[in-house]
Every structure is written in C-alpha cells, then in structure tokens.
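S.K.: Sharing a structure, written as structure tokens. Questions coming.
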Amino acid sequence: MKHKQTASGAKQAALPSTMPSDTEPTFENPGESHSTNSKIFRAVADVFQNAQSTYAGHRRHIAVLKRIQAKAVEQGYEEVFNYWFDKMVTLVLPLKRTEPVGDRIVRLVGGFISSIEHELEATDDEYDRKEREEVFARFVDQFVRHMLRGIESRDKNARYRVTQLLAVIMDNIGEIDEELYNLLMWSLQKRVYDKESFVRIQSIFCLTKFQDDESVSEAVDDATSKLMHAIQNDPSAEVRRAAMLNLVNTPNTKKLIMERARDVNPINRRLVYSRVLRGMGSSVFEELNTESLDKLISWGLEDREETVRVACARLVSFDWLNLMDGDIIKLLTRLNVTTSKVCEKAMDAIFKYRNDTVTKIKLPENVWGNLTAETSFLIKAFHFHCTKNHLDDVIDSNFPEASKLSEIIQKYIDLRFVQSGLSAIDEECLDFIIQQLLSVAFNFDYSDEIGRRAMLIVIRNTLASHKLKPSQVEICLKVLEVLSINERDFITMTVEIITDIRDEDIEKQEAEEAKKMPSTNFNGTDEDEDDVESFHSAVDDLVNGNETPEGNSQLLVQEKEVSPEALLACLTMSQYMLELVNSPLNENIMITTLIDTLITPAVRNTQPEVRELGVRTLGLCCLLDVDLAAESLYLLGMCVSKGDASLKNTALKVIVDIFSIHGTKVVDGEGKVDSISLHKIFYKTLKNCELPNCQATVAEGLCKLFLGDVFMDDDLFETLVLSYFSPANSKNEALVQAFAFCLPVYCFSHVRHQRRMVRVAGDVLLRLSVLWDDIQTNEDESLPASSMLKPSVIFQELIEWTDSTKLVNKSSELDQKEDTQLDFLLSVLKVYYKLERKDLKKMILTNIGRFNFEDDNVSKWREAHDILEDILDNDDIDSATRNAVGKFTSLIKDFLATREESEQDITKNEASEDDEETSNILHTGASTHSDGNPQAAESTDIIDGNQLSDLHLPGEKTDNTEEHLSLSNRKRKRLEERGCSERPSDPERSSRMVSFVLPEDHSMSSGSSDDCKSDDEYNGE
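Positions 1 to 1021 (this note's numbering) are the ones given, in order, by the sequence shown.
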C-alpha cells in the first residue's frame, strides 16, 4: 500500500491543482487572508523570477526569502509561505537537465536551506534557537515530502530535478527525522536503478550523505551497500564515477574503489590516481600492501590512455615524492624495492617528469662500499637513465672505471658466498645488490681493455664457482656476451664453464666415495693391483666370448652421473646461453656436443624438474636447426600426450615456437611427423578443460600461427572459434582474452582470413545453437544457463567478423572471388531449416538485416530472396519477425532492380557505341564516293540522320528521368527546410525562462486559478 500511495503522489506532483485540500493554507478572516496570501505569493514569486536569470544576486535573494519566511511565521502564515515556496519549486521540475534556469533555482533552494542551518548553529539564545529549529524542521519535512511525490513521475526530467533537489537538501542539513530518513531511503533505493543514468547519479549523491563513515564493524549500512553495488555493476561510467568518488573509504570498500583502476572508462581510471590515491596521502603506504601498490602502479604506467599514464606518473613523481621531502631512497623503502616489480617504472617516471632529480643525485666513493638494497637499485636506475639519454658527463663524474667496478662486484660476491653466518634477510639483500651491480655492468663502457679483462675474470669465476640464482645466471651470461669478442667466443666460454661444473661435480662424488671405501683389502694386497687383475680377467672373458660374471661387471669402470643440483645448474646456464645465440646450429659444434652430452639425457631423466628444463632447452636448440626440430617433434608430442600439466605446457610452447620459426617444413615429409597428428594434439588440448593453462597456451599459439598463415586448416580454425564460445571455457579468462583480441584481428587483417571465417561460421552457429538449446533444457549444475552467450549475440559477432567493409587494405582483385558475407547468409538460411526452436529461428530472421550489400553476385542474392520468400509463405512466424524479413526482402528487390538497371545501361551504352562506330564508317565511305555519286552522299546523310534520331531516344528518356528526380529532390529539400524552420533551435529552447509571476487580473482568493495556470505550464498540455 505504501508503494501505491507514493505512485499516486508522483501524479499529484505533476498536477498541482489536484493537490489535497489539506495542504492549502486556511484563514479565519477571508478578507485578510486574501490580501496576505497575495502578498506572500507576489513576494516569493518575485524572488524566484529574479533568481532564475543569474547566480550573481542569489545572496540577496536568499536574505529576502528568509525575511519573508520570518515575517510569515511571525504573523501566523507559515503554511502559506511553505505552500507557495513548494509551488514555485514545482514549476522547475519539468525543465531539462541542460536548462540553466533549473540549476539556478536548485542552487537558490540549497543556499536558502544552508543559510538557515548556519544561522541556527550560530544562535546563542537557547529558547530562540529551539523555536527556530522547530520551524526549520517543519519546513524541511514538508518540502521533502512534497518533492518525494514526484520521485516516481513518468517524466524523466521531473525525476531528475527531484533527486537533484534532495541531494542539495541533504548536503546542507545536519540531521533529519528518522521517519523521514526511512521514507527517503525507501524512495532513493529504487531510484538507484532508474533507467536514466542522470537520475541514478543524483540518487547516488543523495545516498552518499547517509553513509556511516565512523563505523568500525564489518557490517555495511544500506546506503553504502547500494553504492558498492553501483560501483561494480552500473553500466554508466558516470554513475560508477559518482559512486567511486563518494563511497566511504573503509576496509570493506577499499578494494572496490581500487578496482576502478581497471575500469573500461579512461576518466574513471585516471581519477583513481588523480583523486583517490592522491587524496589518501601518506596513508596509502600503510593501508595498501605491496602487492596492491604494485598492481596499481603497473596498471597506471602501462595504461593505453596517455592521460591515465600521466596521472599515475605525476602521482609518483610529484605527490608521493613530495611526501618524502624529495628523498628517493625513502620512497623506494616505502615501495619495498626488493620485492616490488614496478620500481623501475616508477624511477623512469621520476626521471622523466622531475628533471631536477638527475642533477641532485651524487654518488661519492664511500657510497660504493656500503651499498643497501635501495641505493643499489637507485644506482642501476640512474645509470640506465644516463646511458639511455647519453649523459656521458654525469656517468663519468658518478661511476667508477670498469676495473674498479669489477672489484666492487667481487667484494659483494665474496660477502655473499664466502662469508658464513649470514641470516636469510642478509642473503636476500646481498643477492639483490649483486643483481643490481651486474645490471650496471651489462650496460657499462668497456673501451678500456684492462677493465674488460678484469670484469671477464670476475664473471667467469662467479659462474663457475658459486651457486647462483637463475636471475643472476641470466644477467651474468648477458655481461659475458658483452665482454666476448664474438658469438663463437661467447659459446666456447659458456660451454667450458658448463663442462667444468659437471667435471667438478663428478670429481667431488668420486672423492666422497673414495673416503668411504677402505684403502686395502683383507689380504693386505694393494687395491690397485686387484683392480688391474680384475680388468685383465674381464677383457679375456670378453675376447673369448664368455659372459662376464656379475661380480666382475660391477668392478668395471662406470661413468659417474651428474647430481641433480649440478644438472639443473648446467641446464639453466645452457638455456640462458641459447636465448642469446642467433647463428645456425651447424656453425656451432660446441652446442651439438652439448645436446648429446647434457640436453638429450636431461629430456629422458625421470625427475620432472630436470626433464621440463631439458625440454625447454631442447626447444631453443630446435629454433636454430630445422632438421633437429623435425626430429624432435615426435618427442615433444609424447611429452604433451603423457607428461604432467607443467611438462605439457612447456612442450606446447616449444611446438608453437618451432612452427613460428620454421613453418610447416618440419612436418609431412619422409621421417617426419604427420601434421594431422599435431592437429589432433591441439584439438584434444583445447577440449581438455581440466588444464586451463594449456588451453590458453594453445589458443594464443594457434591464433598467432593462423594470423601468420602458417596454419590454414578450416577444421582446426573452426575448433578455435567453438572453443571461444564454449560455455565450458567461460571461466578461463586467459583463453577468452586471447580469442577476444585475436579473432577480430584475424578476420579484419586479410580477405583470405575473413573468407575462412565465412566458410566455418554457418556450421559454428548451428553447433552453438544446438548446444545452447541443450543447456537450457538440462539440469547440469556444472554448465548453468548463464555460462554461455545467447545465440543472438554469437550471430551478431559472426556477422561483424564477416563484414567486408571492416577489412584492412582491401584488394579489388580479391573482392570478386567467392566466400563473402553473402555466402554466410546463404549458409545461415540453410541452417534455419535445421533448427527446431522457434526462438532460435526468430533470432536468425530478426538479425539478417545486419548483412550488407557489398557483394554484387546477383544469382546468390536471388537465391537468398527465394529462400526468404519461401519462409514467409510457408513458415509460421510472428508479425515482428515477418516485418523484419519483409523489409530485408524489399531491400534485396531494390538491390536487384538497381543491378539490372545498371546492366541495361551498360548494354545500351555499348550498343550506342557500336552504332556510332558503324555510322562513322558509313559516313567515311559516303564522303569517299561523294565526288562521283551525289545521290549516294544524299542517301548517306539521310541514313545518318535517322540513326542519330534513334540514338537520341534513350538520351531523352534519361534526361526526363533525371529532371524528374531533381524536381523531387528540390521538393523534399524545401519540405525539410520548412520543417526545420518551424522547430525552435536548441539555443532558443535552452534559454527559455519560467514564469513565476501571474497576471494582475487573476483572482488570488483561493489560488485555484493560479493552480490551473501552473498546471498547464507544468504539463505542457
């Protein structure tokens, strides 16, 4: 019942004359009431009339309104003032939100309420204050209730002005009655879901005032809950922005606010950095953890919009750095430089937007002896910036020579690996310092041969003697490549280091075994003599063909195997070395030896970690040699088929890389793997939803291979499209994201790609429609109905992908071939007869209007027209669908008629050209014989005249048609100009004023005539 009353109240707000009689003022003396009513009305109306012109005199108008109210209350006419005040504001409600008049009146009302509130706070007299508070409370209560009568009006402008007024009122009062609060919340919670975004924004502004920002409990109040829902789910960017900027910052809401850094709207993303994070000040480092800060900075500095990148960069380089008093080391400490992944980007932003920091940084000699994690990182970033911008003088004045730098690196390596008794934190800090110093060494100038040799010795000894982390091994090898004379020298030194590590590990194992075995046997003979005798005996047995006894075979010299730790170290070094090598494998014998002795045994190793690293290293070798790649595909396929999830993913990446480098030369040949077998592997992987990472790898890899025209199989491509729309993959965000980007790019990049999509699109639509039908009817909880897109959405996306107008660099030669969007239309119309559900059939027929008429194949268009005519004649379809099909068939008819006319014109032009050519020949022949035969010349002239008259007939018809068309166009243009002249322009409509003052001859006895006048203006009827 409460909802119905509110709905009727909205109707009454739109018609002030139907306002209940109890809201109108009543008087004891009719004569006096008439005079006072008129005076109050004239006074209030005059204020509103003048206030709508400009903001300049609002302070004076507010003071006049306050005096009118005070005098009316003093004389007992409080209800009269409230009544006419409400009536004046009601006149503004129909105004559009673009009308400045409405905003000025809303500002006037807000200023009036705010002024009274401030006066009450400044009043010292307790009695007078209490009395005035009661008057103010009654005024606010009746005014808010009056406005709420229009909050559900059918007029969107009225709903907007009501919510706007409520937001202004709530922003300027301190407290309201609980009953009024409940009524407001009940009304505003529905306006949050209003169909108009500008109404929802004003509702958000009003609900903002009802949030509890002092609550320490985990419970969320109703107003905050509504804002949290709006910030996540509202389709309007402006509404999400309003909720983001007005939502209280609590532990419950902080995550939702920071999520707007990934909003689809660039303005919302920018405001996260320029308003939200900036407004948090230094508390941002306490309230947000390192992981959240890393994500926010990374998202901001890598955003595709320049404005967002600038806002994030200025936040770091100005706001945050100023909070640290310009101390970069302090800022890096707050960002936790040892674990953060965005400090490099932050330093780039600081150096880019704060050029003064470059001149302020000084690196004296004593700094190098007492490096911390922050100073070492600053040194690396500073050196990289100076190198990139060719600041050679700054480098010379702050950085030591190469030989001195090698000594510094050696010092910290000794502290890390030689000194004992280090804590885990110290080890982590020293590893980080070494990493930064090696990064400096990678970009260092080695024009000094002494410095180069000194650094080379340090790097080689470090790689051979110490157990480094993979990241340290990688940077060491990069430095070693810079120090090498050429690539062959680099490979030779790296393979020597790997061999030394293996030999040292084997020697260490032999030494440990030697310590465990006794030096002599029980008979006292030397062990060496027994070994020699056993060896001779074993050789004799082999020569004579005797079987070697088990005991003797164990005494034979066996090759020691490398320990898993050393094997991982060797494989890691091999991997990073191969990533830096570009020359073919046949030019690097050292790498071939490495494959036989290290990589191949690692692939066959039973330990998962070793085998996975071996497969990755083997893949890098395959990129250098096509024959090795062809030989290794079978092994890689076995890894995908029978390996664990991690090994499958690695092997799939290797296979995709091999095809990207070598193409299809590695398959379908003598002794090579069949391409169909590899396609089956890809197909099975895409179907296996239990391995989402492998699915995403295959999806991204196949998209690249199809985009590069390495793969051109239609069946495999159809599997890709089906996997994108499959409900089983709806939660695999990596796969969906890869397809969402790659499939449109593939279709629009080349006409051959789009035609492949045309060939598979019809079957894709049929399969997915049947699948959607099954999902709607079954009760499988693993595949809910919401997990799959509707067929209408899929159909529209397929139409867009096959649209030839969106192709890049179209070729006119290829446009005349088959497999265009028209073929997709024909296949879809054939699919129509295979569907059983009426809603699916309706989906097809209502969306065929999206097809374009780029294809000029008349026979195919006639076939499509005949199919649609058959559907109209024989199929039972509703009126809306029948209208859509009829409209499209009419377009086809017009298109075919236009094509036929153009063909006829071409035929006529060709015929006229032939007749003209014949006439010229005859004219030439007649002129040749004119001297000898005058009659022949005369007859020739007659023939030419007849031919010319015949030739002019089509031209005359065309001229008349063109004249008729131009006449119709002129008439249409005049009608359009006449219609435009009758409508007022936008500036004229936007500048119209509201008449608050009525003519003098109207009776003011009861206000009923005035009500009728205002009602007509309000409704505009």
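Ideal placement from N, C-alpha and C gives every residue a C-beta, glycine not left out. Bear in mind that the values here come from a model prediction, so they are computed numbers and not experimental data.
Taking DSSP as the reference, what is the three-state secondary structure of Glu1000?
M.R.: Within the sequence shown, residue 1000 is the residue found at index 1000, counting from 1. Note that Glu1000 scores a pLDDT of 48, beneath 50, so its modelled location is shaky and nothing firm can be said.
S.K.: Helix or strand or just coil, what does DSSP make of Val673?
M.R.: Here residue 673 refers to the residue found at position 673 when the sequence shown is read from its first residue. Strand, per DSSP.
S.K.: Does the Cβ-Cβ distance between Ala402 and Ala454 come in under 8 angstroms?
M.R.: What you label residue 402 is simply residue 402 of the sequence shown in a count that begins at 1. What you label residue 454 is simply residue 454 of the sequence shown in a count that begins at 1. A contact, by the Cβ cut-off of 8 angstroms.
S.K.: Considering only their Cβ atoms, is the gap separating Leu633 from Val667 smaller than 8 angstroms?
M.R.: Position 667 of the sequence shown, counting from 1, holds the residue named residue 667. Position 633 of the sequence shown, counting from 1, holds the residue named residue 633. Cβ atoms of Val667 and Leu633: closer than 8 angstroms.
S.K.: From the DSSP output, in three-state form, read off Val418 for me.
M.R.: On the sequence shown, position 418 is the one that residue 418 refers to. It is coil, neither helix nor strand.
S.K.: In the structure shown, what three-state DSSP assignment does Gly111 receive?
M.R.: Residue numbering aside, residue 111 sits at position 111 when the sequence shown is read from its first letter. Three-state result, Gly111: helix.
S.K.: On the DSSP letters alone, give me the boundaries of the alpha helix (DSSP H) that Glu612 sits inside.
M.R.: For the purposes of this step, residue 612 is identified with residue 612 of the sequence shown, where counting begins at 1. Taken as a continuous stretch (DSSP letters only), the alpha helix (DSSP H) holding Glu612 covers 608-622.
S.K.: With distance defined between alpha-carbon atoms, name the residue in Leu691, Ser769, Phe706, Leu705 nearest to Asn732.
M.R.: If you number the sequence shown from 1, residue 732 lands on position 732. Considering only alpha carbons, the answer is Leu691.
S.K.: Which whole-angstrom value is the C-beta distance of Val162 and Met185, which I expect to be below 8 angstroms?
M.R.: Along the sequence shown, read from residue 1 onward, the residue named residue 162 stands at position 162. Along the sequence shown, read from residue 1 onward, the residue named residue 185 stands at position 185. Going by Cβ atoms, the distance from Val162 to Met185 rounds to 15 angstroms, so no, they are not a contact pair.
S.K.: Cys476: which of Val654, Gln232, Ala441 sits nearest, CA to CA?
M.R.: Numbered from its first residue, the sequence shown carries residue 476 at position 476. Ranking Val654, Gln232, Ala441 by Cα distance to Cys476 puts Ala441 first.
S.K.: Compare the C-alpha of Gln821 against each of Gly762, Ile867, Val831, Ser274 and name the closest.
M.R.: The residue given as residue 821 occupies position 821 in the sequence shown. Nearest C-alpha to Gln821: Gly762.
S.K.: Does Val342 come out as helix, strand or coil in the three-state DSSP assignment?
M.R.: Reading the sequence shown from its first residue, position 342 is the one you call residue 342. Three-state DSSP puts Val342 in coil, outside helix and strand.
S.K.: Count the other CB atoms within 10 Å of the CB of Gln164; is the residue buried (16 or more) or exposed (fewer)?
M.R.: Numbered from 1 along the sequence shown, position 164 holds the residue referred to as residue 164. Gln164 comes out buried.
S.K.: Determine contact between the segment 301-311 and the segment 327-339, defined as no fewer than three beta-carbon pairs at a distance below 8 angstroms.
M.R.: Judged by Cβ distances under 8 angstroms, the segment 301-311 makes no contact with the segment 327-339, as fewer than three pairs qualify.
S.K.: Specify whether the segment 704-720 and the segment 777-786 touch according to this definition: at least 3 beta carbon pairs, one from each stretch, less than 8 angstroms apart.
M.R.: Flag = no, the segment 704-720 and the segment 777-786 do not touch.
S.K.: Count the other CB atoms, across all protein chains shown, that sit within 10 Å of the CB of Gln737; report buried if there are 16 or more and exposed otherwise.
M.R.: Here residue 737 refers to the residue found at position 737 when the sequence shown is read from its first residue. The residue is exposed, with fewer than 16 neighbouring Cβ atoms inside 10 Å.
S.K.: Where does Ile848 land, buried or exposed, given buried means 16+ other C-beta within 10 angstroms?
M.R.: For the purposes of this step, residue 848 is taken as residue 848 along the sequence shown, with counting starting at 1. It is buried - the Cβ of Ile848 has at least 16 other Cβ atoms within 10 Å.
S.K.: Taking the alpha-carbon of Val308 as reference, which of Ile867, Arg270, Ala242 has the nearest alpha-carbon?
M.R.: Start at 1 with the first residue of the sequence shown, and residue 308 comes out as number 308. Comparing Cα-Cα distances from Val308 to each of Ile867, Arg270, Ala242, the minimum goes to Arg270.
S.K.: Are there 16 or more other CB atoms within 10 angstroms of the CB of Met993, so buried, or fewer, so exposed?
M.R.: The sequence position of residue 993 within the sequence shown is 993, counting from 1. Exposed, since its Cβ has fewer than 16 Cβ neighbours within 10 Å.
S.K.: Using a Cβ-Cβ cut-off of 8 angstroms (strictly less than) and excluding sequence neighbours within five positions of Thr54, which residues of its own chain qualify?
M.R.: Numbered from its first residue, the sequence shown carries residue 54 at position 54. Excluding sequence neighbours, Thr54 sits near Arg104.
S.K.: Let me check one thing: in DSSP terms, what residues is Val667 bridge-paired to?
M.R.: Here residue 667 is taken as the residue at index 667 of the sequence shown, counted from 1. Answer by DSSP bridge pairing, in chain order: Val673.
S.K.: Using only CA atoms, which one of Leu845, Gln189, Thr597, Glu286 lies nearest to His865?
M.R.: Sequence index remark: in the sequence shown, residue 865 carries index 865 (1-based). When each option's Cα is compared against that of His865, the closest is Leu845.
S.K.: Pick from Gly102, Val73, Thr572, Gly619: whose alpha carbon is nearest that of Phe48?
M.R.: Taking the sequence shown and counting its residues from 1, one reaches residue 48 at position 48. The option with the nearest alpha carbon to Phe48 is Gly102.
S.K.: Any idea what DSSP makes of Pro235, helix, strand or coil?
M.R.: Numbered from its first residue, the sequence shown carries residue 235 at position 235. It is coil, neither helix nor strand.
S.K.: Distance check for Trp320 and Asp657, CA to CA, integer angstroms please.
M.R.: Within the sequence shown, numbered from 1, the residue matching residue 657 stands at position 657. Within the sequence shown, numbered from 1, the residue matching residue 320 stands at position 320. If I take the Cα positions, the gap works out to 43 angstroms.
S.K.: Going by alpha carbons, who is nearest to Gly614 out of Leu598, Asn289, Thr593, Glu901?
M.R.: Residue mapping note: residue 614 aligns to position 614 of the sequence shown, counting from 1. Ranking Leu598, Asn289, Thr593, Glu901 by Cα distance to Gly614 puts Leu598 first.
S.K.: Helix or strand or just coil, what does DSSP make of Gln211?
M.R.: What you label residue 211 is simply residue 211 of the sequence shown in a count that begins at 1. If DSSP states are grouped into helix, strand and coil, Gln211 belongs with coil.
S.K.: Quick one, are the C-beta atoms of Val473 and Leu438 less than 8 angstroms apart?
M.R.: What you label residue 473 is simply residue 473 of the sequence shown in a count that begins at 1. What you label residue 438 is simply residue 438 of the sequence shown in a count that begins at 1. Against a cut-off of 8 angstroms, the Cβ pair of Leu438 and Val473 comes out as no contact.
S.K.: Taking the alpha carbon of Lys190 as the point to measure from, which residue in Tyr724, Leu166, Met324, Glu152 has its own alpha carbon closest?
M.R.: Against the sequence shown, residue 190 aligns to sequence position 190. Of the listed residues, the one whose Cα sits closest to Lys190 is Glu152.
S.K.: Can you tell me where the alpha helix (DSSP H) with Ala511 in it begins and where it stops?
M.R.: Here the question's residue 511 lines up with position 511 in the sequence shown. Segment 487-516, the alpha helix (DSSP H) holding Ala511.
S.K.: Can you tell me which of Leu183, Asp823, Pro364 puts its alpha carbon nearest to the alpha carbon of Asp396?
M.R.: Counting from one through the sequence shown, the residue named residue 396 turns up at place 396. The option with the nearest alpha carbon to Asp396 is Pro364.
S.K.: Which first and last residues belong to the alpha helix (DSSP H) in which Ser641 is found?
M.R.: Locating residue 641 in the sequence shown gives position 641, counting from the first residue. Unbroken alpha helix (DSSP H) run through Ser641: 626-642.
S.K.: Provide the residue span of the alpha helix (DSSP H) that contains Asn82, from first to last.
M.R.: The residue you call residue 82 lines up with position 82 of the sequence shown. Element bounds for Asn82: 78-90.
S.K.: Output the distance between the C-alpha atoms of Ala566 and Gln436, rounded to the nearest integer angstrom.
M.R.: Locating residue 566 in the sequence shown gives position 566, where the first residue counts as 1. Locating residue 436 in the sequence shown gives position 436, where the first residue counts as 1. When rounded, the distance between both Cα atoms is 25 angstroms.
S.K.: Only counting the same chain, and skipping five residues up and downstream in sequence, which positions put a Cβ closer than 7 angstroms to that of Val1030?
M.R.: Nothing can be reported for residue 1030, as the shown portion of the chain is limited to 1 through 1021.
S.K.: In whole angstroms, give me the CA-to-CA distance for Asp234 and Val92.
M.R.: As a working note, residue 234 is residue 234 in the sequence shown. As a working note, residue 92 is residue 92 in the sequence shown. One C-alpha to the other measures close to 28 angstroms.
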